[in-house]
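Worksheet: one structure, shown below.
There are 2 protein chains.
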Amino acid sequence: MRPKNLEKEEAIRSLALKIIAEEGLENLSMQKLAKAAGISPRTIYLKYENKEDLLIKLFVEEVLGAYETAVLENFDEQMEFEKGMKKLWLNTFHYLKNNRPSYVLMQYGKSSPLLYKAFQEKNIQQGDFFSPIHRFLTRHIKNNTIRNFPQDVLRALLFSPLFDLVNEYFDHAQRPVQIISEALVLSCCETVIKGIKNS
Amino acid sequence: MRPKNLEKEEAIRSLALKIIAEEGLENLSMQKLAKAAGISPRTIYLKYENKEDLLIKLFVEEVLGAYETAVLENFDEQMEFEKGMKKLWLNTFHYLKNNRPSYVLMQYGKSSPLLYKAFQEKNIQQGDFFSPIHRFLTRHIKNNTIRNFPQDVLRALLFSPLFDLVNEYFDHAQRPVQIISEALVLSCCETVIKGIKNS
DNA sequence: TTTAAGTAAATAAACATTTACTTATATTTG
DNA sequence: CAAATATAAGTAAATGTTTATTTACTTAAA
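In order, the protein sequence lines correspond to chains A and B. The opening residue of the first sequence carries number 425 in the numbering used here; numbering runs sequentially from there. The opening residue of the second sequence carries number 425 in the numbering used here; numbering runs sequentially from there.
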């Protein structure tokens, strides 16, 4: 039996993300992807049932999965609040700034009904997506370290500015001066922490 | 000369937004849109040069324009910081929660290269998009009311949580209980204000 | 009567997916 | 141990559909 060429599978994934990042989700076609990867369209269908299946697997496994791993690296839910937050912020910042295609597809996940649905289903199936963060926040609410808000609200308050900063980072990457530095990110993180902390 | 039917133009705009919100930008086609509006595809081309032109005008004029108007209603850049922020937050919240299709297309504006480019070009052409907010923030930095960050960074810190809250609002609209109330939004706004204020 | 607004149907290109075939190699067989 | 075989991996080209856009015509009212 002829063995499968793993490089081709990798090419499919990475080029699909590249096309989406450069030309948009609405401009990704199976034939364009096959051509970019130097393979026959049929080869994509050996691994993926159809286009929808490809997009969802790309989003859930390649993007969300890798993102979760990167964000939680060296994070411990028992950490002190400020230390934990800074770890999460820096992990997210470093991962996303080095993986723009993943960032772009994550952004599409907030717009595209197909991807949005896939994200919610993953959450329901596997319990909470970022459960260590969930427990970290729950503990600090109980400890009275931070204000008491529902989890989803807390995430909006604590992490959404970071995503906008990553976006600014990419914007400035095409300009003469990059203003979004690690120091600035940490400074913003401190601002967010100051807002949510009790006392 | 036969007069143009304004209802048809309105139908094109509102149905395009509706299709995008329900099925995604990637599933909007000119023929589908024409069918939904009960008109010939040609009629769309009387008003718009091509699909790209339609999407950009929809985004810039219909969505961003109306959004800017709604957000700045009864806002005065001379307002005290807390009062101004709360006004901006409530205006945004009320407008978006009643205009989900606009919210969805705005989200697409953060992913789709086509729309993203259109947004940046509008900003460059017309100077700053939300200039009263720009001046409001600049003044409060000078007054030492708030921490000194670049404008784009400041916007990430001050307004991005609100967009996530609107998203949560729509999520909860399909569930038994709506947890995102005006009171909660104001409470989140206060949290953000507390973080950014000096002292 | 003029003319832009509008239509139905056509066009050509691009699309997702399939058909019919070829290739490479792990395993079996002589 | 080498030739034969089986078989999934892979290809090129075709399928039928949908796409954006246009052509050729009709309609309404100033």
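Backbone N, C-alpha and C fix where the C-beta goes; we use that ideal spot for every residue, glycine too.
Under the three-state DSSP convention, the category A:I468 falls into: Sequence index remark: in the first sequence, residue 468 of chain A carries index 44 (1-based). Helix.
Amino acids of chain B, ordered along the chain, whose beta-carbon sits closer than 7 Å to that of A:E447: Residue numbering aside, residue 447 of chain A sits at position 23 when the first sequence is read from its first letter. What A:E447 touches in chain B: P537.
Extent of the continuous alpha helix (DSSP H) to which A:F587 belongs: Residue 587 of chain A sits at position 163 when you count from the first residue of the first sequence. That run of the alpha helix (DSSP H) goes Q575 to A597.
Per-residue DSSP class, three states only, for A:I604: Residue numbering aside, residue 604 of chain A sits at position 180 when the first sequence is read from its first letter. In this structure, A:I604 counts as coil in the three-state DSSP scheme.
Integer-rounded CB distance, given that A:L482 should sit under 8 Å from A:L538: What you label residue 538 of chain A is simply residue 114 of the first sequence in a count that begins at 1. What you label residue 482 of chain A is simply residue 58 of the first sequence in a count that begins at 1. Wrong, their Cβ atoms sit about 11 Å apart, outside the cutoff.
Any C-beta of chain A under 8 Å from that of B:Y519: Position 95 of the second sequence, counting from 1, holds the residue named residue 519 of chain B. For B:Y519, no Cβ of chain A is located within less than 8 Å of the residue's own Cβ.
Neighbourhood of B:N673 by C-beta distance below 8 Å, restricted to the same chain and skipping five residues each side: Outside the displayed span of chain B (425 to 623) sits residue 673 of chain B, for which this structure offers no information.
CB contact flag (B:A458, B:I468, <8 Å): Locating residue 458 of chain B in the second sequence gives position 34, counting from the first residue. Locating residue 468 of chain B in the second sequence gives position 44, counting from the first residue. Yes, they are a contact pair.
Cβ shell of B:G533 (< 7 Å), same chain only, five flanking positions each side left out: Taking the first residue of the second sequence as 1, we reach residue 533 of chain B at position 109. Sequence-distant partners of B:G533 (beyond 5 residues in either direction) whose C-beta falls short of 7 Å from its own C-beta, in its chain, are F483, L539, Y540 and F543.
Other residues of its chain near B:E497: CB distance less than 6 Å, five sequence neighbours each side excluded: The residue labelled residue 497 of chain B in the question sits at position 73 within the second sequence. Here the set comprises N515.
Whole-number beta carbon distance between B:V609 and B:F517, since they are thought to touch under 8 Å: Translated into positions along the second sequence, residue 517 of chain B becomes position 93. Translated into positions along the second sequence, residue 609 of chain B becomes position 185. With a Cβ gap of about 5 Å, B:F517 and B:V609 count as contacting.
Alpha carbon of A:L439 to alpha carbon of B:F583, nearest angstrom: Reading the first sequence from its first residue, position 15 is the one you call residue 439 of chain A. Reading the second sequence from its first residue, position 159 is the one you call residue 583 of chain B. Cα to Cα, A:L439 sits roughly 34 Å from B:F583.
Rounded C-alpha distance that separates A:E431 from A:S605: In the first sequence, residue 431 of chain A corresponds to position 7, counting from 1. In the first sequence, residue 605 of chain A corresponds to position 181, counting from 1. A:E431 and A:S605 have their C-alpha atoms roughly 35 Å apart.
Proximal chain B residues relative to A:I468, where beta-carbon distance stays under 8 Å: Position 44 of the first sequence holds residue 468 of chain A. Around A:I468, no beta-carbon contact reaches into chain B at under 8 Å, the shortest distance being about 18 Å.
In chain order, each alpha helix (DSSP H) run of at least 4 residues that lies wholly inside the region 474-539 of chain B: 475-481, 490-496, 505-521 and 524-533
Helix, strand or coil at A:I557 [DSSP, three-state]: As a working note, residue 557 of chain A is residue 133 in the first sequence. Secondary structure at A:I557: helix, using DSSP grouped into helix, strand and coil.
The alpha helix (DSSP H) enclosing B:E431, as first and last residue numbers: Taking the second sequence and counting its residues from 1, the one referred to as residue 431 of chain B is at position 7. Taken as a continuous stretch (DSSP letters only), the alpha helix (DSSP H) holding B:E431 covers L430 to E447.
Touch test, the region 501-509 of chain A against the region 559-566 of chain A, Cβ-Cβ under 8 Å, three pairs minimum: yes
Residues of its chain near A:H596, where Cβ-Cβ distance is below 8 Å and the 5 sequence neighbours each way are ignored: As a first step, residue 596 of chain A must be located in the first sequence, where it is residue number 172. For A:H596, where only same-chain residues beyond five positions count, the Cβ hits under 8 Å are Q602, I603 and I604.
Chain B residues whose Cβ lies nearer than 7 Å to that of A:Y532: Working through the first sequence from its first residue, we reach residue 532 of chain A at position 108. Within chain B, S535 have C-beta atoms less than 7 Å from the C-beta of A:Y532, given in sequence order.
The alpha helix (DSSP H) enclosing A:M454, as first and last residue numbers: On the first sequence, position 30 is the one that residue 454 of chain A refers to. Element bounds for A:M454: M454 to A461.
A:I491 versus B:I444: straight-line alpha-carbon distance, rounded: Mapped onto the first sequence, residue 491 of chain A falls at position 67. Mapped onto the second sequence, residue 444 of chain B falls at position 20. The sequence as given places Tyr at residue 491 of chain A; Ile does not occur at that position. Spanning the two alpha carbons is a distance of roughly 27 Å.
Cβ of A:E450 within 8 Å of any chain B Cβ: Counting from 1 along the first sequence, the entry for residue 450 of chain A is found at position 26. Judged by the 8 Å Cβ criterion, A:E450 is in contact with chain B.
Closest by C-alpha distance to B:N572, when choosing among A:Q531, A:T615 and A:L488: Against the second sequence, residue 572 of chain B aligns to sequence position 148. Cα-wise, what sits closest to B:N572 is A:T615.
Inter-residue spacing [alpha-carbon to alpha-carbon] between B:L586 and B:P427: Numbered from 1 along the second sequence, position 162 holds the residue referred to as residue 586 of chain B. Numbered from 1 along the second sequence, position 3 holds the residue referred to as residue 427 of chain B. C-alpha separation (whole angstroms): 43 Å.
Contact set between B:L482 and chain A, taken where Cβ atoms lie within less than 9 Å: Locating residue 482 of chain B in the second sequence gives position 58, counting from the first residue. Within 9 Å Cβ-Cβ: nothing; B:L482 doesn't reach chain A, min ~14 Å.
Chain-ordered chain B contacts of A:C612 [CB-CB under 8 Å]: Here residue 612 of chain A refers to the residue found at position 188 when the first sequence is read from its first residue. Ordered by position in chain B, the residues that pass the 8 Å Cβ test against A:C612 are F573, V577, A580 and L581.
Backbone CA spacing between B:D477 and A:E450 [nearest angstrom]: Residue numbering aside, residue 477 of chain B sits at position 53 when the second sequence is read from its first letter. Residue numbering aside, residue 450 of chain A sits at position 26 when the first sequence is read from its first letter. About 15 Å.
Alpha-carbon spacing of A:E434 relative to A:Y519, whole angstroms: Position 10 of the first sequence, counted from the start, is the residue given in the question as residue 434 of chain A. Position 95 of the first sequence, counted from the start, is the residue given in the question as residue 519 of chain A. Going from the Cα of A:E434 to the Cα of A:Y519 covers about 19 Å.
is_contact[B:T615, chain A] using C-beta, thresh 8 Å: The residue labelled residue 615 of chain B in the question sits at position 191 within the second sequence. So yes, B:T615 belongs to the interface.
Contact set between B:E592 and chain A, taken where Cβ atoms lie within less than 8 Å: As a first step, residue 592 of chain B is located in the second sequence; it is residue number 168 there, counting from the start. Neighbours of B:E592 on chain A, chain order: D576, V577 and A580.
Beta-carbon proximity of A:K442 to A:P525, cut-off 8 Å: The residue you call residue 442 of chain A lines up with position 18 of the first sequence. The residue you call residue 525 of chain A lines up with position 101 of the first sequence. The answer is yes: Cβ separation under 8 Å.
Beta-ladder partner(s) of A:K621, from DSSP: Counting from one through the first sequence, the residue named residue 621 of chain A turns up at place 197. Its beta-bridge partners are A:I570.
Proximity test, Cβ basis, 8 Å: A:V528 and chain B: In the first sequence, the residue the question calls residue 528 of chain A occupies position 104. A:V528 counts as touching chain B.
Which of helix, strand or coil DSSP assigns to A:R563: Counting from 1 along the first sequence, the entry for residue 563 of chain A is found at position 139. Of the three classes helix, strand and coil, the one that applies to A:R563 here is helix, per DSSP.
Rounded C-alpha distance that separates A:E545 from A:M530: Mapped onto the first sequence, residue 545 of chain A falls at position 121. Mapped onto the first sequence, residue 530 of chain A falls at position 106. Roughly 15 Å between the two C-alpha positions.
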